[in-house]
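Oh and the sequence shown: position 37 is 49 in our numbering, straight run, nothing missing. Positions of the beta carbon are idealized from the N, C-alpha and C atoms, including for glycine.
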Amino acid sequence: MTHISRLTLSAYGMNIADQIALVAVPIIAATVFGASAAAIGVLVACQSMAHLVGSLPFGLLVDRLQLRSLVILSALMSMAGFGGAALAIPAGSLTLFGAFIATAGLGIVLFGLASLSILPLLTDRTGLAKANAQLSLPRSVASFFVPLGLGAVLSVQTSGMAFWAAAGFSLLALAVLLKLPRFDRPPANPDSILKRLIEGGTYVARSKMLRPISLCAIFWNLAFAILMVLMVPVIVQVYRADPAIFAQIMAAFGLAAILGTWVVARLPATMPPSIVLLFGPGSSVIAAAMLPIAREGATLPLLHAAFFLMGFGPSMWLVTQNTVRQLATPAAMLGRINAVIQTAIYGVRPLGAFAGGAIGSYVSLEAGLWVVIGLYGASFLAAACSALRSVSRWEDITV
13 MTHISRLTLS AYGMNIADQI ALVAVPIIAA TVFGASAAAI GVLVACQSMA HLVGSLPFGL
73 LVDRLQLRSL VILSALMSMA GFGGAALAIP AGSLTLFGAF IATAGLGIVL FGLASLSILP
133 LLTDRTGLAK ANAQLSLPRS VASFFVPLGL GAVLSVQTSG MAFWAAAGFS LLALAVLLKL
193 PRFDRPPANP DSILKRLIEG GTYVARSKML RPISLCAIFW NLAFAILMVL MVPVIVQVYR
253 ADPAIFAQIM AAFGLAAILG TWVVARLPAT MPPSIVLLFG PGSSVIAAAM LPIAREGATL
313 PLLHAAFFLM GFGPSMWLVT QNTVRQLATP AAMLGRINAV IQTAIYGVRP LGAFAGGAIG
373 SYVSLEAGLW VVIGLYGASF LAAACSALRS VSRWEDITV
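Structural data, given as structure tokens:
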């Protein structure tokens, strides 16, 4: 087994464990702990806040420490967090449950940042795009299949088993990661933490590749967060349809993400990366434009098509932009750069959720859909009006 295959297999373990928690936490909080909506919100926030809290400090560690040690630590954190959450259920402690879930979430964040820095050390420039697709596929697969599986087996009686299963998948990841080699690291940077973080942010802002990548991702995630808040009310109040349709269209989104990640790994080497870098955000504009024209009686086909397109194009873009980040960033700064971009992306998601709720409540649901279209349009323009449109081959991207 190659080291890239080992890293990919460990990604399956980590992402399946993460998805088990994402699905199980709110269900178990409500059914086992009898938690209020506010308490459930705090628990879910513990998982998403791990990206905001952990990204920057972990990015600094990724640039300084041994990467093999960091991915092993990430699996240990995940395993300990999920195992602790399983023990907190019979103990009846919601506080401990939340603390252990947050610990596991931090492990997932560390794994993501460290693995992105490992890949360029395992393959050359020509193989990097395919390697990124391999590493991204586990998340898409887990996001689709884990909710289906848990929906069939999760109950009050099996609640603890869900987190023991998550701990088991983390253990699988750990066992595989132990077989990775040690990696050469650049000399330690003696600068202060603040200076190194500012250096990373400044590099992103000045880079002709990383700046549009960041803006494109920020606008896209802001739009998607608003859309997730609005969709169920839109389905019920605008389309006059069954709210269960939301689960169906999200399944279409998940399937498309798997397909997009699979396809991008098999694109011919002669295809310019710029095509995917523009197709991802561009397809989202087309998908969002389908939503206002859907009407009662003809809703389902358009919604399925819209969310399939919204999953397919952006999943291809996600893999491709990872390759751009790795090629456009000095090796000694890759952890910080990925952390800065990731923090910006996850930072706008709660803002988008608040904005979606406000627009839907105080303006109109239809207006919210047009805001989503506008933000997806801004995401496309961020890519189309930048150097990304001229990337005809990977060799065009330099540090």
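Beta carbon of residue i nearer than 9 Å to that of residue j
i       : j       : result
Ile-417 : Ile-357 : Outside the shown range of the chain, which is 13 to 411, sits residue 417, and nothing can be said about it.
Ala-141 : Val-331 : yes
Arg-208 : Arg-348 : yes
Ala-145 : Thr-115 : no
Ile-84  : Leu-189 : yes
Arg-361 : Leu-234 : yes
Leu-122 : Gly-66  : yes
Val-246 : Ala-340 : no
Leu-147 : Leu-19  : yes
Ala-177 : Ala-29  : yes
Leu-134 : Ala-277 : no
Phe-94  : Ile-32  : yes
Met-302 : Leu-271 : no
Ser-391 : Leu-227 : yes
Ala-98  : Ala-174 : yes
Ala-185 : Met-26  : yes
Met-240 : Gly-359 : no
Ser-398 : Lys-191 : no
Pro-284 : Trp-232 : no
Thr-355 : Leu-82  : no
Nearest candidate by alpha-carbon position, reference residue i, set the options
i       : options                            : result
Leu-314 : Val-188, Pro-326, Met-89, Ala-264  : Ala-264
Met-345 : Val-248, Thr-43, Pro-193, Pro-132  : Pro-132
Pro-255 : Ala-41, Thr-311, Gly-294           : Thr-311
Tyr-24  : Ala-154, Leu-321, Lys-220, Leu-227 : Ala-154
Ser-60  : Leu-73, Gly-119, Ser-22            : Gly-119
Trp-274 : Gly-325, Pro-285, Arg-76           : Gly-325
Leu-387 : Ser-295, Ser-402, Ile-409          : Ser-295
Leu-222 : Arg-337, Ala-87, Leu-21            : Arg-337
Pro-280 : Ser-105, Ser-404, Pro-150, Thr-107 : Ser-404
Gly-63  : Val-375, Ile-353, Ala-399          : It is His, not Gly, that sits at residue 63 in the sequence shown. Taking only the C-alpha atoms, the option nearest His-63 is Ile-353.
Leu-34  : Val-158, Ile-298, Gly-104          : Val-158
Arg-151 : Val-297, Leu-186, Gly-266          : Gly-266
Ile-409 : Ile-39, Ile-225, Ala-164           : Ile-225
Gln-169 : Val-375, His-316, Val-44           : Val-44
Asp-75  : Ser-17, Ala-97, Arg-197, Leu-192   : Arg-197
Asp-203 : Ile-261, Leu-72, Phe-175           : Leu-72
Ala-187 : Leu-21, Phe-236, Leu-162           : Leu-21
Leu-77  : His-316, Pro-199, Trp-232, Leu-108 : Pro-199
Ala-343 : Gly-180, Tyr-215, Gly-389          : Tyr-215
Thr-14  : Ala-143, Ala-103, Gln-249          : Ala-143
Leu-160 : Ala-253, Ile-130, Gly-139, Ala-259 : Ala-259
Ile-39  : Tyr-374, Gly-180, Leu-162          : Leu-162
Gly-117 : Leu-363, Ala-179, Ser-17           : Ala-179
Opening and closing residue of the alpha helix (DSSP H) in which residue i lies
i       : result
Ala-318 : 311 to 340
Gln-31  : 15 to 43
Arg-405 : Counting along the chain, Arg-405 falls outside any alpha helix (DSSP H), and DSSP gives it neither H nor E.
Leu-387 : 377 to 396
Ser-129 : 106 to 134
Leu-88  : 79 to 103
Ala-243 : The question names Ala, but residue 243 is Met in the sequence shown. Its alpha helix (DSSP H) spans residues 222 to 245.
Gln-260 : 257 to 276
Arg-218 : 205 to 218
Tyr-251 : No alpha helix (DSSP H) contains Tyr-251, which DSSP labels as neither H nor E.
Ser-296 : 285 to 305
Gln-354 : 346 to 374
Min CB distance residue i to chain C below 9 Å
i       : result
Gly-359 : Annotation note: the requested chain C is absent from the structure, which comprises a single protein chain.
Other residues of its chain near residue i: CB distance less than 7 Å, five sequence neighbours each side excluded
i       : result
Ala-42  : Ile-52
Val-383 : Ile-238, Ile-371
Asn-350 : Gly-71, Leu-125, Leu-128, Arg-337
Ala-306 : Tyr-251, Leu-314, Leu-315
Gly-389 : Val-297
Gly-172 : Ala-98, Ile-101, Pro-102
Val-248 : Pro-255
Contacting residues, own chain, Cβ-Cβ under 6 Å from residue i (five flanking each side not counted)
i       : result
Phe-291 : Gly-325
Leu-55  : Val-37, Ala-41, Gly-110
Gly-213 : Val-352
Ala-299 : Ala-318, Leu-321, Met-322
Cys-58  : Gly-110, Ile-113, Ala-114
Leu-108 : Ala-100
Gly-96  : Phe-112
Ala-365 : Ala-237, Val-241
Cutoff 8 Å; reference residue i; Cβ partners in own chain excluding five residues on either side
i       : result
Ala-47  : Ala-41, Leu-55, Leu-106
Arg-401 : Ser-286, Leu-289, Leu-290, Ala-395
Pro-304 : Glu-378, Leu-381, Trp-382, Ile-385
Glu-407 : Arg-137
Ala-268 : Phe-319, Phe-320, Leu-321, Met-322, Gly-323, Phe-324, Ser-327
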